[in-house]
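Going line by line, the protein sequences match chains A and B. Take the numbering used here: the final residue in the first sequence is number 453, and no numbers are missing along the way. Take the numbering used here: the final residue in the second sequence is number 1453, and no numbers are missing along the way.
2 protein chains.
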Amino acid sequence: MSQRVVVIGGDAAGMTAASALRRKLPKDHEVVVLERGSWTSYSACGIPYWISGEVGSAEALVARSVEAHLANGIDVRMGVEATAIDPEARTVSTRGGADLSYDRLVIATGAEPVRPALPGIDGEGTYGVQTLDDGQALIDGLAEKPEHVVVVGSGYVGLEIAEACVARGFDTTVIDRSKAPLSIIEPELGEQVAAAMRAHGIRLLSDASVTGFTLDHSGRVSVVTTKDDSVHADLVVLGLGVTARSKLAADAGLLLGAKGGIVVDEHQRVIGHDDIWAAGDCVVTKDRLTGELIHVPLGTHANKQGMVAADSIVADVFGSDPRIRFPGIVRTAITKFCALEIARTGLGERQAADAGFDPVTVSIETTNFAGYMPGAEKMTVMMLADRSTRRLIGAQIVGGEDSALRIDVAATAIAAGLTIDDVVMLDLAYAPPYSSVWSPIQVAARAAVKALG
Amino acid sequence: MSQRVVVIGGDAAGMTAASALRRKLPKDHEVVVLERGSWTSYSACGIPYWISGEVGSAEALVARSVEAHLANGIDVRMGVEATAIDPEARTVSTRGGADLSYDRLVIATGAEPVRPALPGIDGEGTYGVQTLDDGQALIDGLAEKPEHVVVVGSGYVGLEIAEACVARGFDTTVIDRSKAPLSIIEPELGEQVAAAMRAHGIRLLSDASVTGFTLDHSGRVSVVTTKDDSVHADLVVLGLGVTARSKLAADAGLLLGAKGGIVVDEHQRVIGHDDIWAAGDCVVTKDRLTGELIHVPLGTHANKQGMVAADSIVADVFGSDPRIRFPGIVRTAITKFCALEIARTGLGERQAADAGFDPVTVSIETTNFAGYMPGAEKMTVMMLADRSTRRLIGAQIVGGEDSALRIDVAATAIAAGLTIDDVVMLDLAYAPPYSSVWSPIQVAARAAVKALG
Chain A
1 MSQRVVVIGG DAAGMTAASA LRRKLPKDHE VVVLERGSWT SYSACGIPYW ISGEVGSAEA
61 LVARSVEAHL ANGIDVRMGV EATAIDPEAR TVSTRGGADL SYDRLVIATG AEPVRPALPG
121 IDGEGTYGVQ TLDDGQALID GLAEKPEHVV VVGSGYVGLE IAEACVARGF DTTVIDRSKA
181 PLSIIEPELG EQVAAAMRAH GIRLLSDASV TGFTLDHSGR VSVVTTKDDS VHADLVVLGL
241 GVTARSKLAA DAGLLLGAKG GIVVDEHQRV IGHDDIWAAG DCVVTKDRLT GELIHVPLGT
301 HANKQGMVAA DSIVADVFGS DPRIRFPGIV RTAITKFCAL EIARTGLGER QAADAGFDPV
361 TVSIETTNFA GYMPGAEKMT VMMLADRSTR RLIGAQIVGG EDSALRIDVA ATAIAAGLTI
421 DDVVMLDLAY APPYSSVWSP IQVAARAAVK ALG
Chain B
1001 MSQRVVVIGG DAAGMTAASA LRRKLPKDHE VVVLERGSWT SYSACGIPYW ISGEVGSAEA
1061 LVARSVEAHL ANGIDVRMGV EATAIDPEAR TVSTRGGADL SYDRLVIATG AEPVRPALPG
1121 IDGEGTYGVQ TLDDGQALID GLAEKPEHVV VVGSGYVGLE IAEACVARGF DTTVIDRSKA
1181 PLSIIEPELG EQVAAAMRAH GIRLLSDASV TGFTLDHSGR VSVVTTKDDS VHADLVVLGL
1241 GVTARSKLAA DAGLLLGAKG GIVVDEHQRV IGHDDIWAAG DCVVTKDRLT GELIHVPLGT
1301 HANKQGMVAA DSIVADVFGS DPRIRFPGIV RTAITKFCAL EIARTGLGER QAADAGFDPV
1361 TVSIETTNFA GYMPGAEKMT VMMLADRSTR RLIGAQIVGG EDSALRIDVA ATAIAAGLTI
1421 DDVVMLDLAY APPYSSVWSP IQVAARAAVK ALG
């Protein structure tokens, strides 16, 4: 019997699920995608590089266009906003349209930017960077040549936008409430990022909470105020992070976890709702080390989860066993600020202690490749191991060229449950243009072994 | 009671062992190193970069000088060649010197270049690249501005030397008996290396065995002959690989494996000889996937093995349990030819089949980072999985900037026994300047999953 899957949201998780469903379900099954915006399958992470000019157009960030999805037989309905889900009736209501019934539903509504209720935050000249439309608006704003740009927040989006703005010659200030930028890494490493920001001409106000925005007579932002400072601004970018866009799910009574993320099982099935799956930035995800459900909105998880949801739905349709499951994450993240590369995986010191580990932390300095090769640069690796099990539980890297991707060895080792002793004995690649005879991750692991005695 | 450890060989494995022993043994224990050459602890792998001029001097390749080792309390005896070992009497004979008695012995004699008995091979103008002295001789030879350089062999040393020679403006020919250069990778990938070599102006004669060298009246090489060709040459570099330098061990009755490598246990103890350890390029090592004992001379293994040998000796001295063991290798290797990066780990197709695996092989093309970023270049990943266990058993990479080090994820995954399904779900780093949303290794793993059905 012909059935209908409805997917709410047409970006990474939603379109990955829809595409896999279209490939694997019989032709008479409908796959409908409701997307409230005007783009599908785009790389939100690429927006800063479009702002900087390194990427030429919004189209370049679109992995697969609406037309391509339609040609693949997916019933993509653009500009259609889902307004309510009725899990009993199995219907989705849409703004200004008829209700749509479903046999199975995938919620992939993504995340939405944090926008605190500060005075003046809705003034003209204040931008988010969540969607391609946001990106275009910001590009248009920058085209008016603002004299002073203020970026609020120094997470990786804030940093990337700040880099793009200085690269384009704008006077740029970053205001952040933390002591050091990039809270994904420990403050000691964040200080290196702070130094690089200042060296590139960014004014960095740390430990400073924004208290409001002063608007001029035309309603345009003119000053950003903090407890101690007033910073002139005629363009403001908000980079305060995101929360799950899960109001639809909440209203339908679905269970929510951290930052409003929908709680799902390892097949992305919504707990307590056999006909509903959720994937991507709108869900919480298991930390493989701690078991905790956390909200980590990243395209890499969204793609995998969309694939897993589709697999589970296909199994459900055919009455077979699902073939894959989403095992959770280890909090891997990577970014760069100008030439400085930054990465982390696993737990930080505080996270490890909170989760009941007995962490030992070491920090080593080495070079990104053999020290005698031209261009060798400083690289810092911080590593955490659990004292009782000797397991590797975290690593962070800040350094020059070719530093950051080395985090993948640690991410793989953590997922596999390796000890620091195992890491020391891994057969990692060695040649002078790439590495010293001990890979930087192994130099850190040796230091951790020494620290554990 | 004061005891004496004698180490034969003062490079990576020998000096790593000696240094660790000196740190961990009581002061009244002697640590004696016999080195027949004039350098200690140097990076032989760095020699090609010295030849090219990227590294300024031989000294730059020395990690720790003789003086530094002496200052650390190691009794390094330079220019002293061990000529025989008597395991019964526990003595080492030296050329022109007295016998030296030992309580425990470490053999770290390294490897020696393959030098087939071809007519004219000992003519003037023919060089090896095994030691720093070899490197200096080759630099002196190149200073005489030869018109035609011929490199025999296209392993990674041959390739690196050929690159150095064209970089310095010499007319350079590489002669190799294989169908494609770099036998560490499959021929399909080797063809990409061949194309890059030709694009850089190297003449490559593949599938061509050297039959001899014609010398001029002064005894200097003038022509290299193969079955089908005669190639003019006034300087020849031999890059035909190495075998273990284990005549001493053989004469003493020690058990030898592939390419003359000494057979040791996982504590680097020589089988059947409780007082003798061996480490580095002179031993055979266990392949972690197949259990086979193979000869893989690389500084990274030598350092680890030297450390393991020292740990075992210290345990033996104190009557305690050793703390570490050498688990074997997964055949990881990495190199580059000009801008082309090349890496492998695990088994090739033939090796996998020979070892009794039922391999499925896939090959994918992707880009080294997000395809929409400027400078994204082609990257090929070949991957092998075992059909019955679904384990990842091999990976090979050829591609542009930042391609090759990704092999470390595969090397870690193989060591940890991960399946290709596990690899697909790893939480690897994602950001546009580094990677597409699926890491290249995961793109290949997904293809392998698809191929396995």
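C-beta: ideal position from N, C-alpha, C; glycine also.
Residue pairing by DSSP places Lys-1378 of chain B opposite B:Thr-1367 in a beta bridge. When DSSP states are grouped into helix, strand and coil, His-217 of chain A belongs to the coil group. Residue pairing by DSSP places Val-1129 of chain B opposite no residue, since no beta bridge is assigned to it.
At a C-beta separation below 8 Å, Cys-1165 of chain B has no neighbours in chain A, since its nearest C-beta there lies roughly 17 Å away. Here Pro-1433 of chain B is actually not in contact with Met-1382 of chain B; their C-beta atoms are around 25 Å apart, not less than 8 Å.
Only residues of its own chain outside the window of five on either side were considered, and among them Leu-1293 and Gly-1328 have a CB closer than 7 Å to the CB of Lys-1286 of chain B, listed in chain order. Interface annotation for the region 1040-1055 of chain B against chain A: Ser-1043, Cys-1045, Gly-1046, Tyr-1049, Glu-1054 and Val-1055, criterion Cβ-Cβ distance under 8 Å. Per DSSP, the unbroken beta strand (DSSP E) holding Pro-1113 of chain B starts and ends at 1111-1113. For Phe-1337 of chain B, no Cβ of chain A is located within less than 8 Å of the residue's own Cβ.
By the criterion of at least three beta-carbon pairs nearer than 8 Å, the region 1102-1117 of chain B is in contact with the region 1126-1146 of chain B. In terms of beta-carbon proximity, Leu-1392 of chain B stays away from the interface with chain A, with every pair separated by 8 Å or more. In this structure, the alpha-carbon of Gln-1003 of chain B lies about 12 Å from that of Asp-1275 of chain B. The three-state secondary structure of Gln-1351 of chain B, taken from DSSP, is helix.
An exposed status is given to Thr-389 of chain A, since fewer than 16 other beta-carbon atoms sit within 10 Å of its beta-carbon.
Pro-1146 of chain B sits close to Leu-1235 of chain B, with the two beta carbons spaced by under 8 Å. By the 16-neighbour rule on beta-carbons within 10 angstroms, Lys-450 of chain A is exposed. Residue pairing by DSSP places Trp-1277 of chain B opposite B:Val-1106 and B:Arg-1269 in a beta bridge.
Put simply, the region 1176-1193 of chain B does not touch the region 1246-1256 of chain B. Fewer than three CB pairs are less than 8 Å apart. Take the alpha-carbon of Ala-448 of chain A and the one of Gly-1299 of chain B: they are about 22 Å apart.
Contact between the region 1438-1446 of chain B and the region 1422-1430 of chain B is present: 3 or more CB-CB pairs across the two stretches fall below 8 Å. For Pro-1146 of chain B, the three-state secondary structure derived from DSSP is coil.
For Pro-1026 of chain B, no chain A residue has a C-beta closer than 7 Å to its own C-beta; the minimum C-beta separation is roughly 19 Å. Of the candidates A:Val-283, A:Gly-153 and A:Val-398, A:Val-283 places its Cα closest to the Cα of Arg-269 of chain A. The beta-carbon distance between Val-1360 of chain B and Ala-1395 of chain B, rounded to whole angstroms, is 13 Å. This is too long to meet the 8 Å contact definition.
Residue range 420-424 is occupied by the alpha helix (DSSP H) that includes Ile-420 of chain A, with no beta strand (DSSP E) assigned at that position.
The beta-carbon of Asp-408 of chain A is placed less than 8 Å from the nearest beta-carbon of chain B. For Trp-1438 of chain B, the neighbours in chain A by C-beta distance under 9 Å run, in chain order, Thr-300, Asn-303 and Lys-304. Using a C-beta cut-off of 8 Å, the region 170-179 of chain A makes contact with the region 204-220 of chain A, since at least three inter-stretch Cβ pairs fall below that distance.
Taking all protein chains in view, the Cβ of Ile-1271 of chain B is surrounded by fewer than 16 other Cβ atoms within 10 Å, so the residue is classified as exposed.
Secondary structure of Gly-212 of chain A (DSSP, three-state): strand. The continuous alpha helix (DSSP H) containing Asp-311 of chain A extends over residues 299-318.
Beta-carbon to beta-carbon, Leu-34 of chain A and Val-80 of chain A are separated by about 5 Å, close enough to satisfy the 8 Å threshold. Secondary structure of Tyr-1042 of chain B (DSSP, three-state): strand. His-232 of chain A carries a strand assignment under DSSP once its states are collapsed to helix, strand and coil. Around the C-beta of Ala-1302 of chain B, 16 or more other C-beta atoms lie within 10 Å, and the residue is accordingly described as buried.
When secondary structure is reduced to three states using DSSP, Met-197 of chain A falls in the helix class.
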